[in-house]
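These notes are about the structure you will find just below.
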Amino acid sequence: MRWHCWGAGPVPRGSAYCQAILPDKSPHPTKIILPSCTPHNSTTTTVMEKALKDLELHKGEAEFSIRKTAERNGLSRTTLQRKYNQETRTNAEEAEYQKNLTTQQEEELVTYIQDLTSKGLPPTRSMLQNYACVVAKKEVGMSWVSRFLVHYKDNLLPK
């Protein structure tokens, strides 16, 4: 059996970045993706929240240790440390941060579109783009308008 590993630096056998290439009778070797050696509960929100609460409870005490807390909860020490120091965000927090408009602003835009449509003056895509640019105080593209319309299509279609 040969091992084919890719990525930056040495990769341990059995990691998610390693493949076993097994010889067989066909001209092309069979590839088997091996499971990761470490459990992926470092991204589980409830486990992370529990570990962060443990750290907050024992903050000034002698038993305060990010490493020990990470081991007790089966988390990566660096992931827990970054989260504890607020260097990282959850996927939901990051998605909200990267949005051009907040959820509340998007809902206000939907209401604005519904009001105009009920008066018989549905807004054009360029009108929506201009409105979003003014509210967001930055440039939004036409693809943003398309994604917005797809996301809120149930609220915008007449019933």
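When we follow full-length UniProt numbering, the leftmost residue of the sequence shown carries the number 1, and every step to the right adds one.
Note that beta-carbon positions come from the ideal geometry of N, C-alpha and C, so glycine has one too.
For residue i, name the three-state secondary structure that DSSP assigns.
i              : result
alanine 62     : coil
valine 140     : coil
asparagine 100 : coil
threonine 69   : helix
arginine 125   : helix
arginine 147   : helix
proline 35     : Its pLDDT being 44, under 50, proline 35 is placed unreliably in this model, and the coordinates cannot settle the point.
glutamate 87   : coil
aspartate 24   : Because aspartate 24 carries a pLDDT of 48, less than 50, the predicted location of this residue cannot be relied on, and the following value inherits that uncertainty. In the structure shown, aspartate 24 sits in coil (DSSP, three-state: anything other than H, G, I, E or B).
Rounding to the nearest angstrom, what Cα-Cα distance links residue i and residue j in this structure?
i                 : j              : result
phenylalanine 148 : glutamate 87   : 30 Å
lysine 54         : tyrosine 131   : Here residue 54 is aspartate; the residue named in the question, lysine, does not match the sequence. Near 46 Å, if we compare the C-alpha coordinates of tyrosine 131 and aspartate 54.
asparagine 73     : histidine 151  : 37 Å
threonine 117     : proline 123    : 7 Å
asparagine 100    : glutamate 94   : 12 Å
arginine 67       : threonine 45   : 18 Å
serine 146        : alanine 62     : 55 Å
glutamate 71      : glutamine 105  : 42 Å
lysine 59         : serine 65      : 9 Å
threonine 78      : lysine 138     : 35 Å
arginine 125      : glutamate 56   : 49 Å
glycine 141       : methionine 127 : 12 Å
threonine 90      : glycine 120    : 42 Å
threonine 102     : valine 135     : 10 Å
glutamate 107     : glutamine 129  : 15 Å
With residue i as the anchor, note down where its alpha helix (DSSP H) starts and where it stops.
i             : result
lysine 53     : 45-57
tyrosine 84   : 77-84
threonine 117 : 103-118
leucine 156   : 153-156
Check each candidate in the options and name the one with the smallest Cα separation from residue i.
i           : options                      : result
leucine 156 : Thr69, Gln114, Arg77, Gln104 : Gln114
leucine 109 : Glu71, Lys153, Thr79         : Lys153
Touching by the beta-carbon criterion (3+ pairs, under 8 Å), the segment 44-53 and the segment 75-87: yes
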